[in-house]
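Asker:
There are 2 protein chains.
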Amino acid sequence: MGTTLKDLAGHLGISAAAVSMALNGKPGVSEQTREEVRRAAEELGYRPNRTGQALRLSRTNTIGVYFPSTVMEYSLYFAEIMRGIVAGFADTELSPLLLPSAGDTGHVRDFPDVDGFVVVEPHSDDLGMFELLRSGRATVCIDPPPASAEAPWGVVEADAPAATRDSLRHLVARGAVRPGLLTIESVSEWSRTIEASYRGWCAEHGIDPAVIAISARQSNEEILELLGQELGAPVPCDGLFVAGDAVAPRIAGLLRTMGRSPDGGFPLVSGVDSTMMEFHTPPISAIDLNPYGYGMHAARMMAALLREPGRPAAPRIEQLPAPLIVRGT
Amino acid sequence: MGTTLKDLAGHLGISAAAVSMALNGKPGVSEQTREEVRRAAEELGYRPNRTGQALRLSRTNTIGVYFPSTVMEYSLYFAEIMRGIVAGFADTELSPLLLPSAGDTGHVRDFPDVDGFVVVEPHSDDLGMFELLRSGRATVCIDPPPASAEAPWGVVEADAPAATRDSLRHLVARGAVRPGLLTIESVSEWSRTIEASYRGWCAEHGIDPAVIAISARQSNEEILELLGQELGAPVPCDGLFVAGDAVAPRIAGLLRTMGRSPDGGFPLVSGVDSTMMEFHTPPISAIDLNPYGYGMHAARMMAALLREPGRPAAPRIEQLPAPLIVRGT
DNA sequence: CCGGCGAACTTAATCGTTTAAGGAATGACG
DNA sequence: CGTCATTCCTTAAACGATTAAGTTCGCCGG
Numbered sequence: 343m344g345t346t347l348k349d350l351a352g353h354l355g356i357s358a359a360a361v362s363m364a365l366n367g368k369p370g371v372s373e374q375t376r377e378e379v380r381r382a383a384e385e386l387g388y389r390p391n392r393t394g395q396a397l398r399l400s401r402t403n404t405i406g407v408y409f410p411s412t413v414m415e416y417s418l419y420f421a422e423i424m425r426g427i428v429a430g431f432a433d434t435e436l437s438p439l440l441l442p443s444a445g446d447t448g449h450v451r452d453f454p455d456v457d458g459f460v461v462v463e464p465h466s467d468d469l470g471m472f473e474l475l476r477s478g479r480a481t482v483c484i485d486p487p488p489a490s491a492e493a494p495w496g497v498v499e500a501d502a503p504a505a506t507r508d509s510l511r512h513l514v515a516r517g518a519v520r521p522g523l524l525t526i527e528s529v530s531e532w533s534r535t536i537e538a539s540y541r542g543w544c545a546e547h548g549i550d551p552a553v554i555a556i557s558a559r560q561s562n563e564e565i566l567e568l569l570g571q572e573l574g575a576p577v578p579c580d581g582l583f584v585a586g587d588a589v590a591p592r593i594a595g596l597l598r599t600m601g602r603s604p605d606g607g608f609p610l611v612s613g614v615d616s617t618m619m620e621f622h623t624p625p626i627s628a629i630d631l632n633p634y635g636y637g638m639h640a641a642r643m644m645a646a647l648l649r650e651p652g653r654p655a656a657p658r659i660e661q662l663p664a665p666l667i668v669r670g671t
Numbered sequence: 343m344g345t346t347l348k349d350l351a352g353h354l355g356i357s358a359a360a361v362s363m364a365l366n367g368k369p370g371v372s373e374q375t376r377e378e379v380r381r382a383a384e385e386l387g388y389r390p391n392r393t394g395q396a397l398r399l400s401r402t403n404t405i406g407v408y409f410p411s412t413v414m415e416y417s418l419y420f421a422e423i424m425r426g427i428v429a430g431f432a433d434t435e436l437s438p439l440l441l442p443s444a445g446d447t448g449h450v451r452d453f454p455d456v457d458g459f460v461v462v463e464p465h466s467d468d469l470g471m472f473e474l475l476r477s478g479r480a481t482v483c484i485d486p487p488p489a490s491a492e493a494p495w496g497v498v499e500a501d502a503p504a505a506t507r508d509s510l511r512h513l514v515a516r517g518a519v520r521p522g523l524l525t526i527e528s529v530s531e532w533s534r535t536i537e538a539s540y541r542g543w544c545a546e547h548g549i550d551p552a553v554i555a556i557s558a559r560q561s562n563e564e565i566l567e568l569l570g571q572e573l574g575a576p577v578p579c580d581g582l583f584v585a586g587d588a589v590a591p592r593i594a595g596l597l598r599t600m601g602r603s604p605d606g607g608f609p610l611v612s613g614v615d616s617t618m619m620e621f622h623t624p625p626i627s628a629i630d631l632n633p634y635g636y637g638m639h640a641a642r643m644m645a646a647l648l649r650e651p652g653r654p655a656a657p658r659i660e661q662l663p664a665p666l667i668v669r670g671t
């Protein structure tokens, strides 16, 4: 094993307590001793044993990262969130631990010794998430949880209403008269907010809403059928805001078989950007949700919350900008 | 806090040591007492404190999961691996901890208190990976590490040569005369093995190899240029095995602008399957690498290795089948 | 000259668990 | 009846850290 506090103390001929106080900046040791201890610690490569600390302080400095398994079903977005979380915790004293999701049974089998939870996309159909929020431990959610859940300590979210309006404006600018909305699920607050914003926008503009709701594993034939209905309506849907990760290319492919294309009169906006949109032929305009930033900010917020005493009176909410990236002609 | 061993002991009027022995199946307590202890533990909801255990046993039951940041750059595959790892550890006593990657500096800033590492795709350009393998702790790699690295304890890998041959055979069956290989990186043993297998296959069949090497963030124009060269060769490349995650749809899009299509004389096989291939228009044949299974098996292997005393004499290697999923006409 | 005080340490307790060592009771056996 | 092994439990130490509660010692003021 590595150097322990006792090793250091023995080496210096003083007590372990003195070494601890010296290293942690606590009063009770002379400046001279403190400096000597620091030097020796450096020299012997002393690293405090986190387990010992955890036991003594009853604080593990470990954060569970939880996500419903559906989040990853079809997702580049998820990988970026992970990357952000890892990066965000990298310069704190905390470490992210991956938790199994308990979507079905609703029982998080065994709460590990963690100080808090980062919950990625709390979906209303994920029972485990409710349990985590009820646990009383620090929680930061990436995207807001449903209203029926216990309030989290903090939330990192996108400005979905603005993103929706920007997207619709862009579709209209590209010639759409009755832009539609395609959603892939309705269990996240994000997609619910988007749908509400879309309907609000339609009401404002006197447009009959065209909402196509599909699921991730639905067949192309079925989706084609749904698309056909809206495209063949009296006032045809002639543009789409696709709210879901990695779905827009799939829709673009289907539209192509109907003789429609993003650069040929049927504009498309993806609600979630990724390299897939950037390098698609033709490129697809998209909302940059900055998932890496989400993860990063969630981690930072968690670290900040744990540094403060107690839990905040009201959930801390951080809204990240979600700009529209315009692509193609 | 929860119920402790001492609480239980007090409740039963016996010593904490007896309770510990009873619960851990150690000899030294009567069967009757053991049963009483079990019942009381159940009743009071006793869960051993992992920190206390960790300190005493100097074993944290926590496993670092490490991956080079490039793995996630463009990847659905990665999300599935994560899901597998989480699921694989879910019914063991171990928990996966996410580690920041140290690709550039090569210094894993601070080894956390973990019993081992699962290294996802050890890329030869990732210096942090070398350090983890040198640490002496238990390591299981998903995909083999480069030969220059310290040997890992275990490896979970795909049968890449077989997958390559299957893919080429399929391309030929679909009419290709000179099937080419498109790779997106050359730092993984996986892609190196594929390239070697491809070249071997070409030699066997008296075919001039057509290898197109691109990088994930290369522009479509540049890739178009490279494709043009091979498609305009004296013996034109007329089919592609695309070794990389989520790249095939992008290539399909580019080929379309050249008047070629997977279902129109230019067959395509993706080296990595995902829902993107399944739902692409037209669907794209692909190798099912079963990333979820990778993660799962890596986790299981790690748990098994840690249960055995010492490290295995030779690296344990587990090869998972990687069948070709044929799609389209 | 002594009480008191602050500085700079040390000692010891503590967090929750495991386990080696010790001890009381019981039964077997010579 | 004494000895010895066996069973079943308790005591105590240990893991590595932090921290409350002593313990010296020098120094200042009265």
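Going down the list, the protein sequences come from chains A and B. The opening residue of the first sequence carries number 343 in my numbering; numbering runs sequentially from there. The opening residue of the second sequence carries number 343 in my numbering; numbering runs sequentially from there. A virtual CB, placed ideally from N, CA and C, is assigned to each residue, including glycine. Owing to the predicted nature of the structure, the values given are computational and were not obtained by experimental measurement.
Establish whether the CB of P591/B and some CB of chain A are separated by less than 8 Å.
Answerer: As a working note, residue 591/B is residue 249 in the second sequence. Cβ-Cβ to chain A under 8 Å: yes for P591/B.
Asker: For F420/A, return the contacting residues in chain B, with the cut-off set at a CB-CB distance below 7 Å.
Answerer: In the first sequence, counting from the first residue as 1, residue 420/A sits at position 78. Going along chain B in sequence order, the residues near F420/A (Cβ under 7 Å) are A421.
Asker: In whole angstroms, give me the CA-to-CA distance for R479/A and A655/B.
Answerer: Taking the first sequence and counting its residues from 1, one reaches residue 479/A at position 137. Taking the second sequence and counting its residues from 1, one reaches residue 655/B at position 313. Spanning the two alpha carbons is a distance of roughly 44 Å.
Asker: Taking C-beta pairs closer than 7 Å, name the residues in chain B that T599/A reaches, listed in chain order.
Answerer: Residue mapping note: residue 599/A aligns to position 257 of the first sequence, counting from 1. Residues of chain B passing the Cβ test: T623.
Asker: Please report the residue range of the alpha helix (DSSP H) in which G458/B lies.
Answerer: Translated into the one-based positions of the second sequence, residue 458/B becomes position 116. Looking at the DSSP string, G458/B is not in any alpha helix (DSSP H); the run it does join, the beta strand (DSSP E), is 458 to 462.
Asker: Which residue's Cα is closest to the Cα of F583/A: P442/A, L469/A, R507/A, A383/A?
Answerer: By 1-based counting over the first sequence, the position of residue 583/A is 241. Residue R507/A is the option with its Cα nearest to F583/A.
Asker: For the region 378 to 385 of chain A and the region 560 to 577 of chain A, state whether three or more C-beta atom pairs, one from each stretch, are separated by less than 8 Å.
Answerer: Judged by Cβ distances under 8 Å, the region 378 to 385 of chain A makes no contact with the region 560 to 577 of chain A, as fewer than three pairs qualify.
Asker: DSSP three-state call for T599/A: helix, strand or coil?
Answerer: Position 257 of the first sequence, counting from 1, holds the residue named residue 599/A. Note: T599/A maps to helix in three-state DSSP.
Asker: Quick one: is T402/B near chain A, going by C-beta distance under 8 Å?
Answerer: As a first step, residue 402/B is located in the second sequence; it is residue number 60 there, counting from the start. Cβ-Cβ to chain A under 8 Å: yes for T402/B.
Asker: As a quick exercise: from E531/B, V611/B, R389/B, P454/B, pick the residue whose alpha carbon is nearest that of P486/B.
Answerer: On the second sequence, position 144 is the one that residue 486/B refers to. With distances taken between Cα atoms, P486/B lies closest to E531/B.
Asker: Hey, quick one: how far does the alpha helix (DSSP H) through A480/A stretch, first residue to last?
Answerer: If you number the first sequence from 1, residue 480/A lands on position 138. It is not in any alpha helix (DSSP H) - A480/A instead sits in the beta strand (DSSP E) that spans 480 to 484.
Asker: Based on the DSSP secondary-structure assignment, which residues constitute the bridge partners of R658/A?
Answerer: To locate residue 658/A, count along the first sequence from 1; it is residue 316. Note: R658/A sits in a beta bridge opposite G496/A.
Asker: For I629/A, name the three-state secondary structure that DSSP assigns.
Answerer: Reading the first sequence from its first residue, position 287 is the one you call residue 629/A. Of the three classes helix, strand and coil, the one that applies to I629/A here is strand, per DSSP.
Asker: On the premise that I405/B lies in contact with P438/B, defined as a C-beta separation below 8 Å, what is that separation, rounded to the nearest angstrom?
Answerer: Sequence index remark: in the second sequence, residue 438/B carries index 96 (1-based). Sequence index remark: in the second sequence, residue 405/B carries index 63 (1-based). P438/B to I405/B, Cβ: 5 Å. Contact.
Asker: Express the C-alpha separation of P464/A and L386/B in angstroms, rounding to a whole number.
Answerer: Reading the second sequence from its first residue, position 44 is the one you call residue 386/B. Reading the first sequence from its first residue, position 122 is the one you call residue 464/A. Roughly 31 Å between the two C-alpha positions.
Asker: Spatial neighbours of A491/A within its chain, please: CB distance less than 6 Å, with the 5 preceding and 5 following residues excluded, ordered by chain position.
Answerer: By 1-based counting over the first sequence, the position of residue 491/A is 149. Contacts found: F472, L475.
Asker: Count the other C-beta atoms from every protein chain shown that fall within 10 angstroms of the C-beta of A538/A, then say buried if there are 16 or more, exposed otherwise.
Answerer: Within the first sequence, numbered from 1, the residue matching residue 538/A stands at position 196. So A538/A counts as exposed.
Asker: Since H664/B meets chain A, which of its residues come closer than 8 Å, beta carbon to beta carbon?
Answerer: Position 322 of the second sequence holds residue 664/B. Per the sequence shown, the amino acid found at residue 664/B is Ala instead of His. Those do not exist, as A664/B stays about 20 Å from chain A at its closest Cβ, beyond 8 Å.
Asker: Between the alpha carbons of R389/B and H639/A, how many angstroms are there, rounded?
Answerer: Locating residue 389/B in the second sequence gives position 47, counting from the first residue. Locating residue 639/A in the first sequence gives position 297, counting from the first residue. Looking at the two C-alpha atoms, the distance is approximately 33 Å.
Asker: Unbroken beta strand (DSSP E) runs of length 3 or more, entirely within the region 384 to 436 of chain A: which are they?
Answerer: For the region 384 to 436 of chain A, whole beta strand (DSSP E) runs of length 3 or above, ordered along the chain, are 404 to 408.
Asker: Taking the alpha-carbon positions, what's the A493/B to R658/B distance?
Answerer: By one-based count along the second sequence, residue 493/B stands at place 151. By one-based count along the second sequence, residue 658/B stands at place 316. A493/B and R658/B: Cα-Cα distance of roughly 10 Å.
Asker: Less than 8 Å between the C-beta atoms of L397/B and G394/A, yes or no?
Answerer: Counting from one through the second sequence, the residue named residue 397/B turns up at place 55. Counting from one through the first sequence, the residue named residue 394/A turns up at place 52. In this structure, G394/A lies closer than 8 Å to L397/B by Cβ.
Asker: Do V673/B and L354/B have their C-beta atoms within less than 8 Å of each other?
Answerer: Outside the shown range of chain B, which is 343 to 671, sits residue 673/B, and nothing can be said about it.
Asker: So which residues of chain B does G394/A contact, with C-beta pairs closer than 8 Å?
Answerer: In the first sequence, residue 394/A corresponds to position 52, counting from 1. By Cβ distance, chain B contributes L397.
Asker: Compute the Euclidean distance between the alpha carbons of N403/A and R376/B, then round it to the nearest angstrom.
Answerer: Within the first sequence, residue 403/A is the residue found at index 61, counting from 1. Within the second sequence, residue 376/B is the residue found at index 34, counting from 1. Using only the alpha carbons, I get a separation of about 34 Å.
Asker: Looking only at its chain, what residues have a beta carbon closer than 8 Å to the beta carbon of L350/B, apart from the 5 residues adjacent to it on each side?
Answerer: Reading the second sequence from its first residue, position 8 is the one you call residue 350/B. These residues qualify, in order along the chain: A358, V361, V379, A382, A383, L386, Y388.
Asker: What are the partner residues of G470/B, as DSSP defines its beta bridges?
Answerer: Within the second sequence, residue 470/B is the residue found at index 128, counting from 1. Answer is none; G470/B lacks a bridge partner.
Asker: Below 8 Å between beta carbons: does that hold for I629/A and V614/A?
Answerer: If you number the first sequence from 1, residue 629/A lands on position 287. If you number the first sequence from 1, residue 614/A lands on position 272. In contact: I629/A and V614/A (Cβ atoms closer than 8 Å).
Asker: From the beta carbon of A432/B, is the nearest beta carbon of chain A less than 8 Å away?
Answerer: If you number the second sequence from 1, residue 432/B lands on position 90. Interface residue, yes.
Asker: Is it the case that the Cβ atoms of I565/A and L596/A are separated by a distance below 8 Å?
Answerer: Position 223 of the first sequence holds residue 565/A. Position 254 of the first sequence holds residue 596/A. In contact: I565/A and L596/A (Cβ atoms closer than 8 Å).
Asker: Go ahead and label T592/A buried or exposed: buried means 16 or more other beta carbons lie within 10 angstroms of its beta carbon, across all protein chains shown.
Answerer: Here residue 592/A is taken as the residue at index 250 of the first sequence, counted from 1. It should be pointed out that residue 592/A corresponds to Arg in this sequence rather than to Thr. With 16 or more other Cβ atoms within 10 Å, it is buried.
Asker: According to DSSP, is S372/A helix, strand or coil?
Answerer: Along the first sequence, read from residue 1 onward, the residue named residue 372/A stands at position 30. Three-state DSSP puts S372/A in coil, outside helix and strand.
Asker: Would you call the CB atoms of V514/A and W495/A closer than 8 Å?
Answerer: As a working mapping, residue 514/A is identified with position 172 in the first sequence. As a working mapping, residue 495/A is identified with position 153 in the first sequence. No, the Cβ-Cβ distance between V514/A and W495/A is not below 8 Å.
Asker: Looking at the structure shown, is S530/A part of a helix, part of a strand, or coil, going by DSSP?
Answerer: Counting from one through the first sequence, the residue named residue 530/A turns up at place 188. In the structure shown, S530/A sits in coil (DSSP, three-state: anything other than H, G, I, E or B).
Asker: Just to confirm, are L418/B and L568/A a CB contact at a threshold of 8 Å?
Answerer: Here residue 418/B refers to the residue found at position 76 of the second sequence. Here residue 568/A refers to the residue found at position 226 of the first sequence. No, the Cβ-Cβ distance between L418/B and L568/A is not below 8 Å.
Asker: Could you check where the beta strand (DSSP E) with A515/A kicks off and where it finishes?
Answerer: For this step, residue 515/A is matched to residue 173 along the first sequence. No beta strand (DSSP E) holds A515/A; the alpha helix (DSSP H) holding it covers 502 to 515.
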